[in-house]
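**Q** Below is the structure I would like to discuss, written out as structure tokens.
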Amino acid sequence: MPTGTKWANNISLLALHASCFRLYQKLVKEIGAEDLIVESPVIHLYKKEEDFKGALSIWKILKDKGIDYEELDETLVRENEPNLSSDYQFGGTLPELGIQFQSLPPGGKNVRTFSE
């Protein structure tokens, strides 16, 4: 398992980022632009079972820090990413850490909303 200051700092930063979507969600709601962001999971994939099993200690640390994750076997990998190469057979998903910002044409709602 990784150790040291750099590792501890990375885990701490990830724990801080865990609430990122909720904070953005609150901000865009205040300005009436909820459609600008969509929650999206972050998926980490592994080709080899031993790599996946080797990373489980890291996933468990994240869980101890309050960051939920779901382990993915080959069936769940396919359900989440059906067009992905069959080389990837194991993974983990962080369902509440991803954010997708909706793209808009120049001068779209985000520019108008933030300038009002």
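Plus 5 on top of the position in the sequence shown (first one is 1) and you've got the numbering used here.
Where a beta carbon is used, it is the ideal one built from N, C-alpha and C, also for glycine.
In or out: T82 buried (at least 16 other Cβ within 10 Å) or exposed?
**A** With the sequence shown as reference, residue 82 is identified as Val, and Thr is not the correct amino acid for it. Per the 10 Å Cβ criterion, buried.
**Q** Determine the extent of the alpha helix (DSSP H) in which S24 is found, giving its start and end residues.
**A** Per DSSP, S24 belongs to no alpha helix (DSSP H) and is neither H nor E.
**Q** Counting along the chain, where does the beta strand (DSSP E) carrying S62 start and finish?
**A** Unbroken run through S62 is the alpha helix (DSSP H), E54 to D69; no beta strand (DSSP E).
**Q** Considering only DSSP beta bridges, list what G96 is partnered with.
**A** The partner list for G96 (beta bridge, DSSP) reads L50 and L77.
**Q** Checking 7 Å against the spacing of the C-beta atoms, do G96 and L77 come in under that value?
**A** Yes, they are a contact pair.
**Q** For T98, does the count of other Cβ atoms within 10 angstroms reach 16, so buried, or fall short, so exposed?
**A** Flag for T98 reads buried.
**Q** Return the residue from the list T80, K52 and V33 that minimises the CA-CA distance to Y93.
**A** If we check each option's Cα against that of Y93, K52 comes out closest.
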